[in-house]
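Enquirer:
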Amino acid sequence: MSGDKAEQSAPAFEGRRWLFPSAVVHEFDPDTERSGRRPRRTVRDWLVDFSCFLLAVLIGLAGADAVTGDPNTPHSLALVDQWLGALACAAIWLRRRWPVGLAVVMLPVGFVSGTAGGASLIAFFTLAVHRPFKYVGLIGGISVAGIPLYFWWRPEPGLPYLAAVALTLLLTVSAIACGLLVRSKRQLMLSLRDRARRAETEAQLRAEQAQRLAREAIAREMHDVLAHRLTLLSVHAGGLEFRPDAPREEIVRAAGVIRESAHEALQDLREIIGVLRAGEPDESGRPQPTLGALDALVAESREAGMKVTLDNRVTDPAAVPASVGRTAYRIAQEGLTNARKHAPGTEVTVSVTGAPGEGLTVSVRNPAPDGEVPPVPGSGQGLIGLTERATLAGGRLAYGPEGYGGFGVRGWLPWGEPG
Numbered sequence: 093m094s095g096d097k098a099e100q101s102a103p104a105f106e107g108r109r110w111l112f113p114s115a116v117v118h119e120f121d122p123d124t125e126r127s128g129r130r131p132r133r134t135v136r137d138w139l140v141d142f143s144c145f146l147l148a149v150l151i152g153l154a155g156a157d158a159v160t161g162d163p164n165t166p167h168s169l170a171l172v173d174q175w176l177g178a179l180a181c182a183a184i185w186l187r188r189r190w191p192v193g194l195a196v197v198m199l200p201v202g203f204v205s206g207t208a209g210g211a212s213l214i215a216f217f218t219l220a221v222h223r224p225f226k227y228v229g230l231i232g233g234i235s236v237a238g239i240p241l242y243f244w245w246r247p248e249p250g251l252p253y254l255a256a257v258a259l260t261l262l263l264t265v266s267a268i269a270c271g272l273l274v275r276s277k278r279q280l281m282l283s284l285r286d287r288a289r290r291a292e293t294e295a296q297l298r299a300e301q302a303q304r305l306a307r308e309a310i311a312r313e314m315h316d317v318l319a320h321r322l323t324l325l326s327v328h329a330g331g332l333e334f335r336p337d338a339p340r341e342e343i344v345r346a347a348g349v350i351r352e353s354a355h356e357a358l359q360d361l362r363e364i365i366g367v368l369r370a371g372e373p374d375e376s377g378r379p380q381p382t383l384g385a386l387d388a389l390v391a392e393s394r395e396a397g398m399k400v401t402l403d404n405r406v407t408d409p410a411a412v413p414a415s416v417g418r419t420a421y422r423i424a425q426e427g428l429t430n431a432r433k434h435a436p437g438t439e440v441t442v443s444v445t446g447a448p449g450e451g452l453t454v455s456v457r458n459p460a461p462d463g464e465v466p467p468v469p470g471s472g473q474g475l476i477g478l479t480e481r482a483t484l485a486g487g488r489l490a491y492g493p494e495g496y497g498g499f500g501v502r503g504w505l506p507w508g509e510p511g
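The sequence shown begins at 93 in this note's numbering and counts up one residue at a time.
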């Protein structure tokens, strides 16, 4: 997990940051964004800023030459025009830091200085790139509305009034449109990046959820298997403890059941631990029990001293789908385990009925025990897991005390028609 976090917190454009604007790098790099500092110019920013400054200077020189050659413009006004234009070109280097302020200042400056026309276009372009449309619409609208007044006050020498207004309008609108296009492309890039990050996060969450569900399924399997085995061990070990004078044959048989149950429990535990270490199910292990193994389960319980009656009305257990049969087996196994723990010595009835299209019904019932049975720690957890398992299989499980003082577990599982 530490490696994943390191990868996630790494700079977004390591090795090629100079190709991107500092504003985009600032949005993509979480470390820069969290620091709260203003993004530093990249190599690309310096090239673009110098190009914009050079363009503003060239347009300003053309404007200064036109103002100097205009006989209707006094020398003092031409000098003020040129100084304002020079200051406006120098202010281009502040366009990234204060785009709105620069554009607002350029409104009156551009109205009195023809030399500052190029700087005004760059300022409006920067405003459209870095700020929302409400600022662009307001400031750009004021600038466009003032263009006819400017040429009415200061006619362009050698150019008709309408042509001068139309050309300046075209240049201003084009600069703003180019800025809006650049902003939309950056927003699209950022939205795609955010979408990719969300997709990665969702994929990681899905993988973690799938892993968690798999481990929960393994834990349920561990409970179903080991609870049955360990209950057998407890019953036979208790019999040997309370009947040390039992016949030799009975002691040998109980010891054999204890040895076999312990061996089976250890083998099941090794398989489950192997699955947990591998992180995925072990398909090469022992096959999971299905409905066909129900007879062996009942026989094993009878050997442990239980009184079990099996009423299996399914004529062909092999026709039951494997997942349905496995869930039915676990229901019967949990019911027998609970009866052995909470109602020892009683006769347990296991019933299995069903057919394709009707579903499979499994029930385990036992009467009330003769005497008082001490409570067993952790009781009920297996039935909760079985309820979840039956629900995931598309069925249902009900359990609880019955009218005659006993306890019953009844589950229904879907069994569709053969395809």
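Ideal placement from N, C-alpha and C gives every residue a C-beta, glycine not left out.
DSSP on Tyr496, reduced to helix/strand/coil?
Expert: Taking the sequence shown and counting its residues from 1, the one referred to as residue 496 is at position 404. Correct three-state label for Tyr496: coil.
Enquirer: Measure the alpha-carbon distance for Trp150 versus His222 and round it to whole angstroms.
Expert: On the sequence shown, position 58 is the one that residue 150 refers to. On the sequence shown, position 130 is the one that residue 222 refers to. Residue 150 is actually Leu in this sequence, not Trp. Roughly 24 Å separates the two Cα atoms.
Enquirer: Answer yes or no: the CB of Arg394 versus the heavy atoms of the ligand FAD, is any distance below 7 Å?
Expert: By its list of ligands, the structure shown contains no ligand whatsoever, and the ligand FAD lies outside what it can speak to.
Enquirer: Counting along the chain, where does the alpha helix (DSSP H) carrying Glu395 start and finish?
Expert: By 1-based counting over the sequence shown, the position of residue 395 is 303. Looking at the DSSP string, the run of the alpha helix (DSSP H) that includes Glu395 is 386-395.
Enquirer: Counting Cβ pairs, one atom from each stretch, are 3 or more of them under 8 Å apart for the stretch 216-232 and the stretch 181-191?
Expert: Yes, they touch.
Enquirer: Does the distance from the CB of Arg418 to the CB of Pro381 come in under 8 Å?
Expert: Stepping through the sequence shown from its first residue, residue 418 is reached at position 326. Stepping through the sequence shown from its first residue, residue 381 is reached at position 289. Yes, the Cβ-Cβ distance between Arg418 and Pro381 is below 8 Å.
Enquirer: Would you tell me roughly how many angstroms separate the C-alpha atoms of Pro459 and Arg502, rounded to the nearest one?
Expert: Position 367 of the sequence shown, counted from the start, is the residue given in the question as residue 459. Position 410 of the sequence shown, counted from the start, is the residue given in the question as residue 502. Cα-Cα distance, rounded: 15 Å.
Enquirer: For Ala170 versus Val201, is the C-beta spacing smaller than 8 Å?
Expert: Along the sequence shown, one-based indexing puts residue 170 at 78. Along the sequence shown, one-based indexing puts residue 201 at 109. No, these two residues do not count as a Cβ contact at 8 Å.
Enquirer: Pick from Arg432, Ser143, Arg488: whose alpha carbon is nearest that of Pro461?
Expert: Taking the sequence shown and counting its residues from 1, the one referred to as residue 461 is at position 369. Measuring from the Cα of Pro461, the nearest candidate turns out to be Arg432.
Enquirer: May I have the straight-line CA-CA distance separating Trp244 from Phe203, to the nearest angstrom?
Expert: As a first step, residue 244 is located in the sequence shown; it is residue number 152 there, counting from the start. As a first step, residue 203 is located in the sequence shown; it is residue number 111 there, counting from the start. Cα to Cα, Trp244 sits roughly 11 Å from Phe203.
Enquirer: Quick one: what's got a C-beta closer than 6 Å to Lys399's C-beta in the same chain, skipping five residues either side?
Expert: Sequence index remark: in the sequence shown, residue 399 carries index 307 (1-based). Here the set comprises Glu439.
Enquirer: What is the residue span of the alpha helix (DSSP H) that Arg457 lies within?
Expert: What you label residue 457 is simply residue 365 of the sequence shown in a count that begins at 1. Note, Arg457: premise wrong, no alpha helix (DSSP H); beta strand (DSSP E) at 451-458.
Enquirer: Near Leu505, what residues of its chain come up, given a Cβ to Cβ distance below 7 Å and the 5 sequence neighbours on each side ignored?
Expert: Here residue 505 refers to the residue found at position 413 of the sequence shown. Same-chain partners within the cutoff: Val416, Thr419, Ala420, Gly451, Leu452, Ala482, Ala485, Gly487.
Enquirer: In this structure, how does DSSP classify Val416 when only helix, strand and coil are distinguished?
Expert: In the sequence shown, residue 416 corresponds to position 324, counting from 1. Val416: helix per DSSP, three-state reduction.
Enquirer: Determine the contact status of Thr207 and Ser235, defining contact as a CB-CB distance below 8 Å.
Expert: For the purposes of this step, residue 207 is identified with residue 115 of the sequence shown, where counting begins at 1. For the purposes of this step, residue 235 is identified with residue 143 of the sequence shown, where counting begins at 1. It is not a contact, given that the beta carbons lie outside the stated cut-off.
Enquirer: Thinking C-alpha only, which one of Ala490, Arg457, Arg246 is nearest Thr401?
Expert: By one-based count along the sequence shown, residue 401 stands at place 309. Here the closest residue by C-alpha is Arg457.
Enquirer: Buried or exposed: Gly492, going by 16 or more other Cβ atoms within 10 Å of its Cβ?
Expert: Mapped onto the sequence shown, residue 492 falls at position 400. With fewer than 16 Cβ atoms within 10 Å of its Cβ, Gly492 is classed as exposed.
Enquirer: Tell me which same chain residues have a C-beta within less than 6 Å of the C-beta of Arg394, skipping the five on either side of it?
Expert: Here residue 394 refers to the residue found at position 302 when the sequence shown is read from its first residue. Answer for Arg394: Val400, listed in chain order.
Enquirer: Reducing DSSP to helix, strand and coil, say where Gly250 ends up.
Expert: As a first step, residue 250 must be located in the sequence shown, where it is residue number 158. Coil at Gly250, not helix or strand.
Enquirer: Are the Cβ atoms of Ser353 and Leu383 separated by less than 8 Å?
Expert: Along the sequence shown, read from residue 1 onward, the residue named residue 353 stands at position 261. Along the sequence shown, read from residue 1 onward, the residue named residue 383 stands at position 291. Contact flag unset, no.
Enquirer: Once the 5 residues before and after Pro240 are set aside, which same chain residues still bring their CB inside 8 Å of it?
Expert: As a position in the sequence shown, residue 240 is number 148, starting the count at 1. Taken in chain order, the residues that qualify are Val257.
Enquirer: When you compare only the Cα positions, how much space is there between Val444 and Ala435?
Expert: As a working note, residue 444 is residue 352 in the sequence shown. As a working note, residue 435 is residue 343 in the sequence shown. Going by the C-alpha atoms only, they are around 21 Å apart.
Enquirer: What are the residues that DSSP puts in a beta bridge with Arg502?
Expert: Mapped onto the sequence shown, residue 502 falls at position 410. Answer is Ser455, Ala490, bridged to Arg502.
Enquirer: Would you kindly check if the distance between the Cβ of Leu213 and the Cβ of Ala302 is under 8 Å?
Expert: Numbered from 1 along the sequence shown, position 210 holds the residue referred to as residue 302. Numbered from 1 along the sequence shown, position 121 holds the residue referred to as residue 213. Their beta carbons are not under 8 Å apart, which means Ala302 does not touch Leu213 by this criterion.
Enquirer: Using three-state DSSP, classify Asp286 as helix, strand or coil.
Expert: Within the sequence shown, the letter at position 194 stands for residue 286. In this structure, Asp286 counts as helix in the three-state DSSP scheme.
Enquirer: What does Gly446 pair with, by DSSP beta-bridge criteria?
Expert: If you number the sequence shown from 1, residue 446 lands on position 354. Leu452, per the DSSP bridge assignment.
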